[in-house]
Amino acid sequence: MLVTSAKAAKKPGDPVYQAVLKGNREKIGVIVDQALAEGRQPKEIIETSLIPAINQVGKYFEDQTYFLPQLIASAEAMEKGIARLTPLLSADAKDQKATVILATVEGDIHDIGKNLVALMLRNYGYRVLDLGKDVSAEKIVAAAVKEGAAIIGLSALMTTTMMRMKDVVDCVREKGCSSKVIIGGAVTTQSFADEIGADGYSGDAASAVTLVDHLLENQ
Ligand code: B12
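In this note's numbering, the protein residues as written are 307 to 525.
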């Protein structure tokens, strides 16, 4: 299972880690291919190189060692690295379980974490419809109703966009939509989920799968 904590992170000498840290979007594909050729597993590369690197970039951004251009370059390198590994991870389309709608809430364009959640849920057989980023509550709920989604998963990375999650919960209740709402994203917490009336919270992509399994078992 993909463990998205930085506990088992590789040493900074790792070329994949360095490629994200330095925003090397041109060469990350080749560097990831080399890591695969050396026998590293796709999940392990995400877990111990890509995620720790983007977290380190976040720290550099916070302490102003890095500025926006470096943040963007690193994010793009991360996305390319994940895109390279995705085909190696995705499960077969058959035997799909329930439908999960995923979106980053309105006003928020961070989608790396949400994309990892999508990847994991697909890997475990869920039918995932990813609506993308900066998506309005109305659009999310309309899609959930149309597709008969069992779960709506929302991501937010900014204090300024967290409350858009409550808009979705309110809209779900208003429209009598039967989907359960789960939330995540570095800025969110279990107590925030409780406060806005969401059905679940998870702090990483691996436990998102357990959370969805659990919510559907108890239906
Ligand atoms: C990469 C990044 C960017 C990239 C985003 C690229 C992309 N495609 O996503 C770019 C450069 C575009 C960007 C832009 C901005 N960013 Co930015 N960015 C980050 C950074 C460094 C990393 C975020 C990330 O991808 N983390 C890695 C992923 C894997 O973690 P994650 O998202 O938390 O996801 C995991 C879990 O939370 C969970 N999860 C996530 N979603 C979901 C959903 C569900 C349903 C579940 C169950 C679980 C779950 O599972 C994931 C995997 O384990 C953070 C710093 C940080 N430390 O978080 C800042 C940060 C989030 N950004 C920030 C800011 C301010 C901005 C900008 C406003 C900057 C600017 N001045 O323009 C803009 C935002 C514009 C907008 N309207 O959204 C701030 C937010 C501050 C705040 N608390 O409000 C942060 C915290 C940096 C900082 N310290 O100042 N950013």
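Beta carbons: idealized from backbone N, C-alpha and C, even for Gly.
Spatial distance of residue i from residue j (CA atoms)
i: A499; j: I488; result: 8 Å
i: D436; j: G509; result: 19 Å
i: H416; j: S484; result: 27 Å
i: F367; j: L374; result: 8 Å
i: M426; j: A511; result: 6 Å
i: S311; j: D519; result: Confidence is the limiting factor: at S311 the pLDDT is only 41, short of 50, which leaves the residue's position unreliable and the question unanswerable from this model.
i: P318; j: E453; result: 44 Å
i: C477; j: V451; result: 11 Å
Proximity test, residue i beta-carbon vs the ligand B12 heavy atom, cut-off 6 Å
i: H416; result: yes
i: S508; result: yes
i: V474; result: no
i: A379; result: no
i: E368; result: yes
i: M464; result: yes
Cutoff 8 Å; reference residue i; Cβ partners in own chain excluding five residues on either side
i: V474; result: V411, A443, I446, V447, I458, L460, V487
i: V441; result: A409, T410, V411, E412
Same chain, Cβ closer than 7 Å to residue i, five either side skipped, listed in chain order
i: L522; result: A404, A456
i: I502; result: M471, K472, V475
i: D505; result: K486, V487, I488, L521
i: K386; result: R331, I334, G335
Neighbourhood of residue i by C-beta, 6 Å cutoff - its chain only, sequence neighbours within 5 removed
i: A325; result: I334, I337, A383
Host alpha helix (DSSP H) of residue i (start-end)
i: I502; result: 496-502
i: S513; result: 511-523
At which residue ranges does the stretch 315-380 contain complete alpha helix (DSSP H) runs of 4 or more residues, listed in the order of the chain?
-> 321-327, 334-343, 348-351, 357-368
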